[in-house]
Amino acid sequence: MPAGFLSNIKICERFMQQSLNSFLCRFSAFFLVLFLHSFLPAHAQWQPQPNLFTETYLAEQALAVPIDSAEFPEFELVPDVEGSKSPFIAGLLSFVLPGLGEAYAGNFSTGKYSLGIEIGLIAGFVGTTVYANSLETDFQTLARSNAGVSSSQKSDQFWKDISNYESMAAYNEERMQLRDYNGRYSQEDFWDWDTEANRKKYRDLRISSDEAFQATYFILGAMAVNRLFSAINAVRSVRAYNESLSSSASLRITPKVYRSRPFLVDGVGLNLEKSF
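In our numbering, the protein residues as written are 2 to 277.
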């Protein structure tokens, strides 16, 4: 078959294929437009936006109902009020003297108890310290008078040892038996009780003095606890005082969304409430 004839056949086939494709595309587009026009709901068609300044829209806006404010957070602004007090200063004053911070906060009705406890503890501390020092002087005087101790400038261990041993010689002899040669006392630390009764009396005085000194540490601990409770109460009192001042002047801001028809927002706004 001639080559020219075959070439003409291929050209005809290509032309028919292009014509068929063009026809199918036009038919599909026409069918799609017809389908959308037939089934598209009327309310989904485009509507012009209302003019915010027309009387009809303003009337509808006046009837718009705000969405429940519970759906949105509220913001409350509390300005600094003149006359408010510092919790830090209140706590510091209570650490200096219990009850003083409560007085600063205007709540001395409870602070007076902390102050009364503090006065009692201070009196107890001073009295106990004086009593302990008095007992210490008594047992040292007894040791000098009845045991021959030369000076009061001795270690605490020395005052304990002379209450348990009749003399320095008896003490050193025991150290030798235990091979504790460095633990022996020299002649400068000499003592020798005249009677067993005086040694026991000395021991009782020394123990009473030690117990009195130990009691002062418990009193100091009680004073620290009293200051802590007073400081906490003072800080709470100041906060209550400041809240009473700020409650008289506040600004509450609540977001609002207005709508007159379901799923259609007409406007947004802010609701401001100020109290004096």
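We put the CB at the ideal spot given by N, CA and C, even for glycine.
Report task. Go ahead and pull the three-state DSSP assignment for D190. Result -> What you label residue 190 is simply residue 189 of the sequence shown in a count that begins at 1. If DSSP states are grouped into helix, strand and coil, D190 belongs with the helices.
What three-state label does DSSP hand S152 in the structure shown?
-> Within the sequence shown, numbered from 1, the residue matching residue 152 stands at position 151. Residue state, collapsed to three classes: coil.
T111 lies in the alpha helix (DSSP H); which residues open and close that run? For this step, residue 111 is matched to residue 110 along the sequence shown. Unbroken alpha helix (DSSP H) run through T111: 109-147.
Whole-angstrom distance between N199 and L143, CA atom to CA atom: Translated into the one-based positions of the sequence shown, residue 143 becomes position 142. Translated into the one-based positions of the sequence shown, residue 199 becomes position 198. In a straight line, the C-alpha of L143 is about 8 Å away from that of N199.
Please list, in chain order, all residues of the same chain as Y218 whose beta carbon is under 8 Å from its beta carbon, the five residues on each side excluded. As a working note, residue 218 is residue 217 in the sequence shown. The answer is none, since no qualifying residue turns up.
query: Is the beta carbon of M169 less than 8 Å from the beta carbon of D195?
result: On the sequence shown, position 168 is the one that residue 169 refers to. On the sequence shown, position 194 is the one that residue 195 refers to. Not closer than 8 Å, so no.
* Shortest alpha-carbon distance to S110 belongs to which of E174, N243, A171, A235? -> Looking up residue 110 in the sequence shown gives position 109. Among E174, N243, A171, A235, the Cα nearest to that of S110 is on A235.
State the start and end residues of the unbroken alpha helix (DSSP H) segment that holds N183. For the purposes of this step, residue 183 is taken as residue 182 along the sequence shown, with counting starting at 1. Premise fails: N183 is in no alpha helix (DSSP H) and is neither H nor E.
Practice problem: Below 8 Å CB to CB, which residues in the same chain sit around D157 once its five sequence neighbours on both sides are set aside? | Solution: Looking up residue 157 in the sequence shown gives position 156. Same-chain partners within the cutoff: there are none.
By the three-class DSSP mapping on this structure, what secondary structure does S87 have? In the sequence shown, counting from the first residue as 1, residue 87 sits at position 86. Reduced to three states, the DSSP call for S87 is coil.
CA nearest to the CA of V97, picked from N243, S245, A232, R237
Locating residue 97 in the sequence shown gives position 96, where the first residue counts as 1. Comparing Cα-Cα distances from V97 to each of N243, S245, A232, R237, the minimum goes to A232.
| Taking Cβ to Cβ, would you say A124 is nearer than 8 Å to Y242? | Here the question's residue 124 lines up with position 123 in the sequence shown. Here the question's residue 242 lines up with position 241 in the sequence shown. No, Cβ-Cβ distance for A124 and Y242 is not below 8 Å.
Quiz item: Per the contact definition of three or more C-beta pairs closer than 8 Å, is the stretch 120-140 in contact with the stretch 170-187?
Solution: no
*asked:* Can you tell me which residues form a DSSP beta bridge with S168?
replied: The sequence position of residue 168 within the sequence shown is 167, counting from 1. S168 is bridged to D193.
For V239, count the other beta carbons within 10 Å of its own beta carbon; 16 or more makes it buried, fewer makes it exposed. Which is it? Your numbering for residue 239 matches position 238 in the sequence shown. Counting Cβ neighbours within 10 Å, V239 comes out buried, since at least 16 surround it.
- What residue range is occupied by the uninterrupted alpha helix (DSSP H) comprising L101? Numbered from its first residue, the sequence shown carries residue 101 at position 100. Run containing L101: 101-105, per the alpha helix (DSSP H) assignment.
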